[in-house]
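See below for the structure under consideration.
Numbering (this note's numbering), first residue to last: 3 to 481.
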């Protein structure tokens with residue numbers, strides 16, 4: 003299709019996947035050429051065959067065709083034979099299951115869209131909604147990865163335990179995240195000095211993004227610049243059970259959807275945020291998830307001083323209903339998620355959802371005693387509200403915090419692999435457990451001690467230096 007180098011990507015951006023050519027900027031004409039080639043493959047009905055190639059033959063092919071990520075992966079996870087897909091003489095690693103023929107794409111809707119410097123492979127049923135915030139964060143993170151020579155799982159595996167390789171990379175990942183925190187604090191200070199102080203910082207992201215640790219760290223960074231930063235979790239602002247709309251219909255607690263905005267006392271949240279932003283104290287509720295009601299008169303939350311900043315985090319924190327009563331210039335919105343740039347091969351990246359699931363499994367086991375099967379069983383339900391309540395607001399954020407540290411999966415593997423291997427074939431979640439084991443098989447194993455005590459990863463592996471923000475007692479919704 004007129005491209006001198008292979009496309010690389012597969013990073014999820016809304017209802018599509020982002021691809022680019024290493025070291026080049028795709029023109030709209032080149033994207034059209036790729037689209038025409040894809041259309042030809044769809045119409046032809048050519049078969050996609052799964053084949054095994056001797057390691058030496060596969061390595062030579064990847065070398066000859068500039069497939070650097072593929073070569074790095076099979077060079078660090080060596081097997082006698084390499085599983086590949088083959089179509090029209092073209093080979094790619096067999097990472098995930100694919101259809102037997104490209105013509106299977108006829109059953110759905112797809113399009114290749116120019117998104118300089120690359121393209122979006124869209125599967126949206128309606129018009130694709132651009133995701134500039136995610137693409138910008140991905141591009142920024144990719145610069146970091148490439149500067150350290152670690153932009154694929156194979157290149158990560160190649161870092162050695164002996165010497166400084168792994169240690170220095172871990173530190174660089176942490177320094178990068180700390181720098182982002184510093185940038186946010188500096189921006190808040192700039193607004194304060196300019197006479198437009200930020201009074202409320204809202205942090206939202208999907209489950210296992212690291213919101214709690216990030217919020218605590220941000221409060222510390224703000225205090226270093228002279229602010230009095232106070233965290234406030236909105237998880238205490240659930241409506242009492244007798245005011246829950248879905249409970250009122252049948253008087254059944256199980257009907258309540260605690261991820262739905264209707265379960266929150268939005269009016270009280272807005273009122274309290276506005277009161278605090280105006281320098282007045284409030285009585286915040288103390289919600290008891292066991293009973294479904296609030297305990298006592300609440301908790302005295304002192305007024306913010308002139309240099310005070312309120313930091314809130316939660317699934318709905320970016321929802322404009324929360325902050326509509328607060329002057330817009332006083333609100334700073336942050337979307338957080340681990341948006342890894344690691345490639346498995348040229349066409350497949352490590353999925354953000356898989357990264358979060360690994361974090362979640364580790365935390366559920368270490369802090370809640372949950373098996374891997376239990377976490378896998380709950381996972382779809384935990385995620386179902388993200389597309390409705392979180393992702394639609396991500397492009398309205400003032401800052402996208404990429405909480406991914408590329409060394410995390412090798413560390414998490416130490417904890418999670420034994421848990422996944424304990425899932426039996428009779429278990430309904432066995433297939434998903436096998437998928438996650440296959441992902442982990444691509445990674446080497448790193449010792450947990452490499453992660454500093456202040457690392458965001460410690461929110462999920464334990465022994466961290468940061469204290470969690472107070473949450474409602476009892477069986478709360480999955481954070």
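The beta-carbon is built from N, C-alpha and C at its ideal position, and this holds for glycine as well.
For the beta strand (DSSP E) assignment, the uninterrupted runs of no fewer than 3 residues enclosed by the segment 14 to 75 are, from N- to C-terminal side, 18 to 23 and 51 to 56. Under the three-state reduction of DSSP, residue 215 is assigned to helix. For residue 433, the three-state secondary structure derived from DSSP is helix. Counted as a single uninterrupted DSSP element, the stretch harbouring residue 339 is not any alpha helix (DSSP H) but the beta strand (DSSP E) occupying residues 333 to 339.
Around the beta carbon of residue 38, fewer than 16 other beta carbons sit within 10 angstroms, so the residue counts as exposed. CA-to-CA, the gap between residue 179 and residue 86 works out to about 36 angstroms. When the beta-carbon positions are compared, residue 464 and residue 338 stay at least 8 angstroms from each other. Looking at 136, 44, 73 and 75, the one whose alpha-carbon comes closest to that of residue 16 is 136. Looking at the DSSP output, residue 121 sits in a beta bridge with 21 and 116. Residue pairing by DSSP puts residue 313 in a beta bridge opposite 203 and 233. Secondary structure remark: continuous beta strand (DSSP E) runs of at least 3 residues inside the segment 104 to 182, in chain order: 113 to 117 and 120 to 124. Under the DSSP assignment, residue 301 falls in the beta strand (DSSP E) whose first and last residues are 301 to 303. Under the three-state reduction of DSSP output, residue 384 falls in the helix class. Boundaries for residue 271: no beta strand (DSSP E) harbours it, while the alpha helix (DSSP H) harbouring it runs 268 to 279, taken from the DSSP string.
For residue 194, the CB contacts under 8 angstroms within the same chain, skipping 5 residues up- and downstream, are 200, 229 and 309 in chain order. Cβ atoms of residue 25 and residue 19 stay farther apart than 8 angstroms, at about 20 angstroms. Judged by DSSP in its simplified three-state form, residue 83 adopts strand.
According to DSSP, residue 9 shares a beta bridge with 23.
Membership of residue 445 in any beta strand (DSSP E) is not indicated, and neither H nor E is assigned to it by DSSP.
DSSP, read as helix, strand or coil, puts residue 413 in helix. In this structure, the straight-line span from the alpha carbon of residue 90 to that of residue 340 is close to 36 angstroms. Judged by their CB atoms, residue 343 and residue 158 are not nearer to each other than the 8 angstroms cut-off. As computed with DSSP, residue 222 is found in no beta bridge at all. Apart from sequence neighbours up to five positions away, the residues of its chain that approach residue 369 with a beta-carbon distance below 8 angstroms are 464, ordered along the chain. Under the DSSP assignment, residue 286 falls in the beta strand (DSSP E) whose first and last residues are 284 to 286.
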